[in-house]
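J.: Okay, handing you the structure first.
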Amino acid sequence: MPEIVWCEQLDENGVPTTEWLSARCGRITASRMCDLMAYSKAKGKEGQELKARADYRDELLAERLSGSMSQHFVTAEMKRGIAEEGYARASYEMRENVMVEQIGFAIHSDLKFCGASPDGILPEQRKIIEIKNLTTVNHIALWRSRQVPSDYYDQMQWTMFCMDYECGDFVSCDSRLAERNPHLELLIIPAARNPVRIAELEAEAIKMNAELEAMMELLSPQAVQTL
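Residue numbers (the numbering used here): -7 to 219.
As structure tokens, then:
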């Protein structure tokens, strides 16, 4: 079973809480799976590490050394998503006739350097909820594809891994459609646990952690004093 950090993720102003940031600090988290798995697919450069992965490793190193979370720019669309997450969750609860439980952060039972912040859980169903408030263009595109985008798919798989859950619902909500096309406002796409993909993500996380530990060793007091 994961170690659950019971805290609010955001305060009343939509600002991340100190408790939540502290739980995430230095850990490989679900929302950064796209960076963890950032390797080139270009012909002749297959498997080469991309800048996104190197930058993520540097962020984690800084967090582990300082004990403080890295700061990221928040776009207007991201702020809108934060503001509307509660509305999306309530819409999901009404549609599915369930009560979603909220937690702060889940730390993997064995790999303590791994964690996730689900947008909600349904413990009896062993299900996670991943909520996105995308642009209307991207929301409509999801209605056409009915498939979880790859970056969010890995995010959900990592959250299932950390929670030890079996399935999840990807929830895309766009309240801008409520007046003229209310039937398109809420889209729910189910996702089953994928052991093969989880094994790939886990192996990459273990590799990243080993890289971080080696860098930490090079920056230890003993190593620095010998320079």
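Built from N, CA and C at the ideal position, the CB exists for glycine as well.
Classify Thr10 as helix, strand or coil using the three-state DSSP reduction.
T.: Numbered from 1 along the sequence shown, position 18 holds the residue referred to as residue 10. Thr10 falls in the helix class under three-state DSSP.
J.: Under DSSP, the beta strand (DSSP E) around Ala108 begins and ends at which residues?
T.: In the sequence shown, counting from the first residue as 1, residue 108 sits at position 116. Where Ala108 is concerned, the enclosing beta strand (DSSP E) stretches over 106 to 108.
J.: For my contact list, Ala22 and Ala80 are in at a C-beta cut-off of 8 Å; report their separation, rounded to the angstrom.
T.: On the sequence shown, position 30 is the one that residue 22 refers to. On the sequence shown, position 88 is the one that residue 80 refers to. Actually they do not touch by this definition, with Cβ atoms about 18 Å apart.
J.: Let me check one thing: in DSSP terms, what residues is Ala34 bridge-paired to?
T.: In the sequence shown, the residue the question calls residue 34 occupies position 42. Answer is none; Ala34 lacks a bridge partner.
J.: Using a 10 Å radius around the Cβ and a threshold of 16 neighbouring Cβ atoms, would you call His100 buried or exposed?
T.: Residue 100 sits at position 108 when you count from the first residue of the sequence shown. Buried, since its Cβ has 16 or more Cβ neighbours within 10 Å.
J.: Buried or exposed, going by whether 16 or more other CB atoms sit within 10 Å of the CB of Ser83?
T.: Translated into the one-based positions of the sequence shown, residue 83 becomes position 91. The residue in question, Ser83, is buried, as its Cβ has 16 or more Cβ neighbours within 10 Å.
J.: In the DSSP assignment, the alpha helix (DSSP H) including Pro213 goes from what residue to what residue?
T.: Taking the sequence shown and counting its residues from 1, one reaches residue 213 at position 221. Start and end: 213 to 217.
J.: Could you give the residue range of the alpha helix (DSSP H) that holds Ser142?
T.: Within the sequence shown, numbered from 1, the residue matching residue 142 stands at position 150. Taken as a continuous stretch (DSSP letters only), the alpha helix (DSSP H) holding Ser142 covers 142 to 155.
J.: Can you tell me whether Gly112 is buried or exposed? The criterion is at least 16 other CB atoms within 10 Å of its CB, across all chains shown.
T.: Position 120 of the sequence shown, counting from 1, holds the residue named residue 112. Result: buried.
J.: Output the boundary residues of the alpha helix (DSSP H) element that contains Cys26.
T.: For the purposes of this step, residue 26 is taken as the residue at position 34 of the sequence shown. Run containing Cys26: 25 to 28, per the alpha helix (DSSP H) assignment.
J.: Using the beta-carbon count (16 or more within 10 Å), is Val216 buried or exposed?
T.: Position 224 of the sequence shown, counted from the first residue, corresponds to residue 216. The residue is exposed, with fewer than 16 neighbouring Cβ atoms inside 10 Å.
J.: Under 8 Å, do Glu122 and Gly160 count as touching if we go by C-beta distance?
T.: Residue mapping note: residue 122 aligns to position 130 of the sequence shown, counting from 1. Residue mapping note: residue 160 aligns to position 168 of the sequence shown, counting from 1. Yes, they are a contact pair.
J.: Alpha carbon to alpha carbon, what distance is there between Gln63 and Ala34?
T.: One-based indexing of the sequence shown puts residue 34 at position 42. One-based indexing of the sequence shown puts residue 63 at position 71. The straight-line gap from Cα to Cα measures roughly 30 Å.
J.: From Asp156 to Pro115, what does the alpha carbon distance come to, in whole angstroms?
T.: Position 164 of the sequence shown, counting from 1, holds the residue named residue 156. Position 123 of the sequence shown, counting from 1, holds the residue named residue 115. In a straight line, the C-alpha of Asp156 is about 11 Å away from that of Pro115.
J.: Quick check on Leu169: does DSSP put it in helix, strand or coil?
T.: Looking up residue 169 in the sequence shown gives position 177. Correct three-state label for Leu169: helix.
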